[in-house]
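Whatever position you read off the sequence shown (first residue = 1), add 795 for this note's numbering. Backbone N, C-alpha and C fix where the C-beta goes; we use that ideal spot for every residue, glycine too. All remarks here apply to the structure that follows.
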Amino acid sequence: MNPTDTTTTNTTAAAAAELGQIAEMIERGALRGARARLARLLDTTDPAARLLLVRCVEALEAEHPTTMLAELRREWRQADADGRALVEACAPSAERRAEKTRDAERIARANRAKDQVHAARKSRDLTSRRSAPRGRRDPRAVERDSVARRYFADRIDPVEDSNEPQHDDRLDYDLAAVPPMRGLPCVACGVERSTADQRRVNRDGLCQDCREDGTPGIAVPDADATRKVMLTARCDYIAATSTSPAERDARLRRDWRVMTKADKFAVIAWRDAQST
796 MNPTDTTTTN TTAAAAAELG QIAEMIERGA LRGARARLAR LLDTTDPAAR
846 LLLVRCVEAL EAEHPTTMLA ELRREWRQAD ADGRALVEAC APSAERRAEK
896 TRDAERIARA NRAKDQVHAA RKSRDLTSRR SAPRGRRDPR AVERDSVARR
946 YFADRIDPVE DSNEPQHDDR LDYDLAAVPP MRGLPCVACG VERSTADQRR
996 VNRDGLCQDC REDGTPGIAV PDADATRKVM LTARCDYIAA TSTSPAERDA
1046 RLRRDWRVMT KADKFAVIAW RDAQST
């Protein structure tokens, strides 16, 4: 026998044995280890056999055994004697083929059952109500809407500028669940103050928590100061403790929403004095 043929036969036998080990690892589900072992095997085989090894492993990774056997048979018919030895090393035993077939059928039945349950739930969730398609708004109308919002953001709505409650037959359940704020909020944190904090003896404008934390409040010069003086001092405090004009205006608008008409006149007078 030619020494070259003997070497080739030994190499093919070793590759077939190694491929058989890789096939068993794939059957156990150890795909990462099988691919790493295949990479080492490809480094030791000749270029002609490398492509066949890769195709055999891809066939072994097929989900259904029928697909795997069909691909292995096709490779076996197209290969030479050495290649057929490699393909035969991948062929699973009859018992393993029957077991894989049973597993595949069991998985297929389970998937069909899940699909049927999902389809039944989806049909129950469907509704017969159809809404008319919403058309696109005119860009000019959108721009006019935005301009109006920007205009009224810093201005008083003449309808809302009243101490009388607005009567509306329609009930907003979200707003109805939230009680209106009683009096001015805490000048520091902005939360609603308790009835005790709103008494005249507590003229610092703070809530109980901010007062206990040592937060400085409004400084009112006289004990008998009028309501206008107290509101002016509150506006001065807000202006002094705000980091920007935008923050100042936002805090003033927050107070504005719960003020009476007389209080609003005091704030307007303070604002006019700042402009001069």
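| Item | Value |
| --- | --- |
| Buried or exposed by the 16-neighbour rule on C-beta atoms within 10 Å, applied to Leu826 | exposed |
| Straight-line gap, Thr1010 to Cys981 (C-alpha atoms, nearest Å) | 11 Å |
| Contact set for Arg753: own chain, Cβ-Cβ below 6 Å, skip 5 residues either direction | Only positions 796 to 1071 of the chain appear in this structure, which leaves residue 753 out of reach. |
| Backbone CA spacing between Thr839 and Asp875 [nearest angstrom] | 19 Å |
| Rounded straight-line distance, which links the Cα of Thr990 to that of Ser1039 | 31 Å |
| Exposure of Leu1076, with buried meaning 16 or more beta-carbon neighbours within 10 Å | A query on residue 1076 cannot be resolved here, the shown segment of the chain reaching from 796 to 1071 and no further. |
| The alpha helix (DSSP H) enclosing Gln1003, as first and last residue numbers | Gln1003 to Glu1007 |
| Integer-rounded CB distance, given that Val882 should sit under 8 Å from Glu870 | 5 Å |
| For Cys1005, the nearest candidate out of Ala983, Ile1013 and Thr861 (CA to CA) | Ala983 |
| With 16 other Cβ atoms within 10 Å as the buried cut-off, status of Asp1058 | buried |
| Endpoints, alpha helix (DSSP H) assigned at Gln1069 | Lys1056 to Ser1070 |
| Environment of Leu846 [buried if 16+ CB atoms lie within 10 Å] | exposed |
| Own chain partners of Val986 with C-beta closer than 7 Å, once the 5 adjacent residues on each side are dropped | Pro980 and Cys1002 |
| C-beta contact flag for Ala880 and Ala808 at 9 Å | yes |
| Three-state secondary structure (DSSP) of Cys1030 | helix |
| Exposure of Ile902, with buried meaning 16 or more beta-carbon neighbours within 10 Å | exposed |
| Backbone secondary structure at Glu822 - three-state DSSP | helix |
| Cβ pair Ala1061, Arg1022 closer than 9 Å | yes |
| Same chain, Cβ closer than 6 Å to Ala829, five either side skipped, listed in chain order | Ile817, Met820 and Ile821 |
| Where Leu837 sits in the DSSP three-state scheme | helix |
| Buried/exposed call for Thr1027, threshold 16 Cβ in 10 Å | buried |
| Simplified DSSP state of Cys984, which is helix, strand or coil | coil |
| Where the alpha helix (DSSP H) containing Pro1040 begins and where it ends | Pro1040 to Trp1051 |
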